[in-house]
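Numbering (this note's numbering), first residue to last: 676 to 997. Backbone N, C-alpha and C define an ideal beta-carbon position, used for all residues, glycine too. Quick caveat, the model's predicted, so the values are computed rather than measured. Take a look at the structure set out below.
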Ligand SMILES: [Zn+2]
């Protein structure tokens, strides 16, 4: 529309009835919402974009599609936009993404989020895991100094699975056996005193020495001191792997041991566990296969790297402003 016609159109707006104003707003809101979301995402990757095929950085602008700036790679000719290759590629209804991100931050259930942003329940489910997928691979490089490690357990859930290998439990449900059994999924959390955290879904039942060998050596700095409870698996692992290790006998009522190296306890990692469980309760049960997404998300929230719907959208395409 040329400027004159637009000015003429604008001048008529003062004559709109309130009902007409509301209709006009309803017409424009999705456009504005989509533009705002696209602006956030495009700004997050500005100057960092490269060709998804050849990683070339010599790009030129090549029109727009679906509200997104399109680029073409000078080296290989591939066209792409800032969402190509990210979990948000080809998702529709960008005008609703920001509100959906808000629902995620409020830990709304899939159903409630679907109702709030007016999308189908299946879309809400798909969006949740697309929005969170990138947080799964975002973790600190190494843990330094005192690194506390401890396990926490969740009842195994095949929620959403097409084929289950046991009868479904009623929502939430209870284990049929007491204590830690193979109905419980083990989550190993390691956290150093600066708050850097790693987590692993090790499988069902108690953590084993072999699993510790698999998980811990790559993430512990050479001079880190591993601190755990008295679980024999940690002691055997540490001896075999040559990892410095100290432990508190929590089940015997011991909480803190004072050592030259610092206070030996697992209270930071246990506090992390309880924040995780408290937050997870809002979702009314999560499928075990998606647990790494929730753990990644929890870590990003805990580090205050996801504070707003905008930072969540950025994180969804792998941009974390730590
Ligand atoms: Zn290229």
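Write down every uninterrupted run of the beta strand (DSSP E) in the segment 792 to 838 whose length is 3 residues or greater and which is fully enclosed by it, in chain order. Fully enclosed beta strand (DSSP E) runs of no fewer than 3 residues occupy 821 to 830 of the segment 792 to 838, in order along the chain.
Is it true that the CB of residue 727 sits closer than 8 Å to the CB of residue 876? In the chain shown, counting from the first residue as 1, residue 876 sits at position 201. In the chain shown, counting from the first residue as 1, residue 727 sits at position 52. The answer is no: Cβ separation not under 8 Å.
Under three-state DSSP, which class holds residue 759? Locating residue 759 in the chain shown gives position 84, where the first residue counts as 1. It is coil, neither helix nor strand.
Can you find the residues in the same chain that come closer than 7 Å, C-beta to C-beta, to residue 917, ignoring five residues on each side of it along the sequence? Working through the chain shown from its first residue, we reach residue 917 at position 242. Same-chain partners within the cutoff: there are none.
Residue 744 vs residue 870 beta-carbon contact at 8 Å: Along the chain shown, one-based indexing puts residue 744 at 69. Along the chain shown, one-based indexing puts residue 870 at 195. No, the Cβ-Cβ distance between residue 744 and residue 870 is not below 8 Å.
Please specify which runs of the beta strand (DSSP E), each continuous and at least 3 residues long, are wholly inside the segment 905 to 991, giving them in chain order. Whole beta strand (DSSP E) segments, 3+ residues: 919 to 923, 932 to 934 and 937 to 939.
For residue 886, which three-state DSSP category applies? For the purposes of this step, residue 886 is taken as residue 211 along the chain shown, with counting starting at 1. Correct three-state label for residue 886: helix.
Does the distance from the C-beta atom of residue 988 to that of residue 801 stay below 8 Å? Sequence index remark: in the chain shown, residue 988 carries index 313 (1-based). Sequence index remark: in the chain shown, residue 801 carries index 126 (1-based). It is not a contact, given that the beta carbons lie outside the stated cut-off.
With residue 899 and residue 822 assumed to form a contact (beta carbons below 8 Å), what rounded beta-carbon distance in angstroms separates them? Numbered from 1 along the chain shown, position 224 holds the residue referred to as residue 899. Numbered from 1 along the chain shown, position 147 holds the residue referred to as residue 822. The pair is a contact, with the Cβ atoms about 5 Å apart (cut-off 8 Å).
In angstroms with no decimal places, state the Cα-to-Cα distance between residue 818 and residue 738. In the chain shown, residue 818 corresponds to position 143, counting from 1. In the chain shown, residue 738 corresponds to position 63, counting from 1. Going by the C-alpha atoms only, they are around 45 Å apart.
Anyone know if the C-beta pair for residue 827 and residue 769 falls short of 8 Å? Your numbering for residue 827 matches position 152 in the chain shown. Your numbering for residue 769 matches position 94 in the chain shown. No, these two residues do not count as a Cβ contact at 8 Å.
Quick one: what does DSSP say residue 861 is sitting in, helix, strand or coil? Here residue 861 refers to the residue found at position 186 when the chain shown is read from its first residue. In the structure shown, residue 861 sits in a strand (DSSP, three-state: E or B).
Distance CB(residue 729)-CB(residue 748) smaller than 8 Å: Along the chain shown, one-based indexing puts residue 729 at 54. Along the chain shown, one-based indexing puts residue 748 at 73. Cβ atoms of residue 729 and residue 748: closer than 8 Å.
Would you list the one or two residues that DSSP bridges to residue 903? Here residue 903 corresponds to residue number 228 of the chain shown, with the count starting at 1. DSSP, once it has assigned bridges, lists 922 as partnering residue 903.
Cross-strand partners of residue 740 (DSSP beta bridge): The residue labelled residue 740 in the question sits at position 65 within the chain shown. Residue 740 is bridged to 743.
Could you give the distance in angstroms between the alpha-carbon of residue 670 and the alpha-carbon of residue 909? No information on residue 670 is available, as it lies outside the stretch 676 to 997 that the chain covers here.
Following a CB-centred definition, is residue 757 positioned closer than 7 Å to any heavy atom of ligand 1? Here the question's residue 757 lines up with position 82 in the chain shown. Checking every heavy atom of ligand 1 against the Cβ of residue 757, none is found closer than 7 Å.
In the structure shown, what three-state DSSP assignment does residue 729 receive? Residue 729 sits at position 54 when you count from the first residue of the chain shown. Shown here, residue 729 sits in coil according to DSSP, grouped into three states, outside any helix or strand.
Since residue 876 is in the beta strand (DSSP E), which residue starts that stretch and which ends it? Working through the chain shown from its first residue, we reach residue 876 at position 201. 872 to 879 is the extent of the beta strand (DSSP E) around residue 876.
Using C-beta distances below 6 Å, list every residue in its chain close to residue 961, excluding the 5 sequence neighbours before and after it, in chain order. Here residue 961 refers to the residue found at position 286 when the chain shown is read from its first residue. Result list for residue 961: 969, in chain order.
Could you please give the first and the last residue of the uninterrupted alpha helix (DSSP H) stretch that includes residue 779? Here the question's residue 779 lines up with position 104 in the chain shown. Taken as a continuous stretch (DSSP letters only), the alpha helix (DSSP H) holding residue 779 covers 772 to 780.
Indicate whether the contact test is met: 3 or more Cβ pairs, each with one atom in the segment 780 to 788 and one in the segment 797 to 812, closer than 8 Å. Two segments are said to touch when three or more pairs of C-beta atoms, one from each, lie closer than 8 Å; by this definition the segment 780 to 788 touches the segment 797 to 812.
Measure the alpha-carbon distance for residue 742 versus residue 754 and round it to whole angstroms. Position 67 of the chain shown holds residue 742. Position 79 of the chain shown holds residue 754. Their Cα atoms are separated by approximately 15 Å.
For residue 867, the three-state DSSP class (helix, strand or coil): Taking the first residue of the chain shown as position 1, residue 867 is located at position 192. It is a strand residue.
Please find out if some non-hydrogen atom of ligand 1 comes closer than 7 Å to the beta-carbon of residue 753. Residue 753 sits at position 78 when you count from the first residue of the chain shown. Flag set: Cβ of residue 753 near ligand 1.
In terms of residue numbering, what span does the alpha helix (DSSP H) encompassing residue 681 cover? For the purposes of this step, residue 681 is taken as residue 6 along the chain shown, with counting starting at 1. Per DSSP, residue 681 belongs to the alpha helix (DSSP H) from 678 to 687.
Straight-line gap, residue 716 to residue 957 (C-alpha atoms, nearest Å): Here the question's residue 716 lines up with position 41 in the chain shown. Here the question's residue 957 lines up with position 282 in the chain shown. Straight-line Cα distance between these residues: approximately 28 Å.
I want to see whether chain E comes within less than 8 Å of residue 941, judged by CB atoms only; does it? The question asks about chain E, but that chain is absent: this structure has only one protein chain.
Backbone secondary structure at residue 751 - three-state DSSP: By one-based count along the chain shown, residue 751 stands at place 76. Residue 751 falls in the coil class under three-state DSSP.
Roughly how far, in whole angstroms, is the beta-carbon of residue 672 from the beta-carbon of residue 831, given that I think they are within contact range, below 8 Å? Not covered by the structure: residue 672. The range shown for the chain is 676 to 997.
Could you check whether residue 905 and residue 924 sit closer than 8 Å to each other, using their CB atoms as the reference points? Working through the chain shown from its first residue, we reach residue 924 at position 249. Working through the chain shown from its first residue, we reach residue 905 at position 230. Cβ distance < 8 Å, so residue 924 and residue 905 count as in contact.
Can you tell me the Cα-Cα spacing of residue 703 and residue 677, whole angstroms? The residue labelled residue 703 in the question sits at position 28 within the chain shown. The residue labelled residue 677 in the question sits at position 2 within the chain shown. When rounded, the distance between both Cα atoms is 18 Å.
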